DNA sequence: AGCACA
């Protein structure tokens with residue numbers, strides 16, 4: 001079917017090997033943030049670089065540079081709206097090519113810190129006040145990278161409500177909605193596939209839940225991503241979150 | 001809200 005865009009906001013998003021993420025939790029330290037982003041996104045392909053900055057203009061945002069566009073496309077689609085440090089990720093393609101790509105490309109040209117106010121080249125001030133001047137807004141320049149669709153509403157695979165205050169990423173996963181006949185061994189077989197696996201702990205008094213420990217939070221995050229929603233039975237999609245400390 | 005490569 002052709003796309004059913006009725007008039008208004010045709011996304012026409014131009015793809016990019018780099019995804020731009022915002023609505024990130026600004027309280028997370030940069031190093032941890034980048035590490036976690038890497039852990040969460042590396043399942044979609046080789047990551048060349050994760051960039052994030054803490055300046056006013058750039059906090060809460062990050063760039064994840066993939067080796068190829070297919071990975072970036074998959075990452076964007078699959079992780080759109082994903083709850084990450086309590087906030088749904090908002091993902092778009094980056095507007096421009098990342099330096100690291102351009103360098104590999106041979107197309108990299110070191111930017112001279114453009115701070116020339118008199119340069120007509122990038123004098124692209126937005127209409128702060130209507131300036132009857134010249135209305136230079138010719139069509140031209142692609143305003144293409146549309147806003148995101150509406151996908152912030154990824155429900156948890158369990159179909160239940162989001163926890164109020166999910167624990168921050170850590171090396172232990174909390175697994176819910178397991179069938180009662182599920183044994184620790186069955187869980188181990190699933191979770192031991194992912195690197196860093198240490199152990200499964202079930203709670204005798206509370207069937208249906210388990211704790212799964214990994215060496216570090218990156219490893220637990222990868223496992224969570226992989227097994228989130230996994231159905232041991234049709235009625236039991238796993239609901240995985242980080243264990244509270 | 002906010003698109004950089006320190």
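In full-length UniProt numbering, the protein residues as written are 1 to 245.
By construction, the Cβ of each residue, glycine as well, lies at the ideal position given by its N, Cα and C atoms.
Small disclaimer: the values here were computed from a predicted structure and weren't measured.
Cut-off 8 Å between Cβ atoms - residues of its own chain near residue i, not counting five sequence neighbours on either side
i, result
"residue 107", "97"
"residue 178", "187, 207, 208, 209, 210, 232, 236 and 238"
"residue 36", "28, 84, 85, 169, 217, 218 and 221"
"residue 189", "none"
DSSP beta-bridge partners of residue i
i, result
"residue 108", "Answer by DSSP bridge pairing: none, since residue 108 is not bridged."
"residue 240", "175"
"residue 214", "197"
"residue 64", "19 and 50"
"residue 202", "210"
"residue 82", "Its beta-bridge partners do not exist; DSSP assigns none."
"residue 77", "Answer by DSSP bridge pairing: none, since residue 77 is not bridged."
Selection from the options that minimises the alpha carbon distance to residue i
i, options, result
"residue 23", "17, 33 and 236", "33"
"residue 68", "48, 26, 216 and 238", "48"
"residue 52", "31, 40 and 88", "31"
"residue 88", "46, 26 and 35", "26"
"residue 65", "75, 58 and 56", "75"
"residue 170", "202, 245 and 61", "245"
"residue 204", "192, 191, 223 and 181", "181"
"residue 192", "176, 223 and 78", "223"
"residue 78", "42, 243 and 202", "42"
"residue 202", "56, 176 and 215", "176"
"residue 215", "234, 200 and 73", "200"
Cβ neighbours of residue i in the same chain (closer than 6 Å, five flanking residues each side left out)
i, result
"residue 241", "166 and 174"
"residue 246", "Given that the chain is displayed from residue 1 to residue 245, the structure contains no residue 246 and the question cannot be resolved."
"residue 71", "44 and 45"
"residue 230", "238"
DSSP three-state assignment for residue i, whether helix, strand or coil
i, result
"residue 41", "helix"
"residue 188", "helix"
"residue 103", "helix"
"residue 98", "coil"
"residue 92", "strand"
"residue 46", "coil"
"residue 71", "helix"
"residue 222", "helix"
"residue 231", "strand"
"residue 59", "coil"
"residue 35", "helix"
"residue 27", "coil"
"residue 118", "Any reading at residue 118 needs caution, since the residue's pLDDT is 44, under 50, leaving its predicted position unreliable; the model's value is listed next. Residue state, collapsed to three classes: coil."
"residue 87", "strand"
7 Å Cβ cutoff met for residue i and residue j
i, j, result
"residue 93", "residue 63", "no"
"residue 225", "residue 195", "no"
"residue 198", "residue 213", "yes"
"residue 58", "residue 50", "no"
"residue 221", "residue 40", "yes"
"residue 185", "residue 101", "no"
"residue 172", "residue 104", "no"
Cβ shell of residue i (< 7 Å), same chain only, five flanking positions each side left out
i, result
"residue 54", "30"
"residue 60", "22, 23, 24 and 26"
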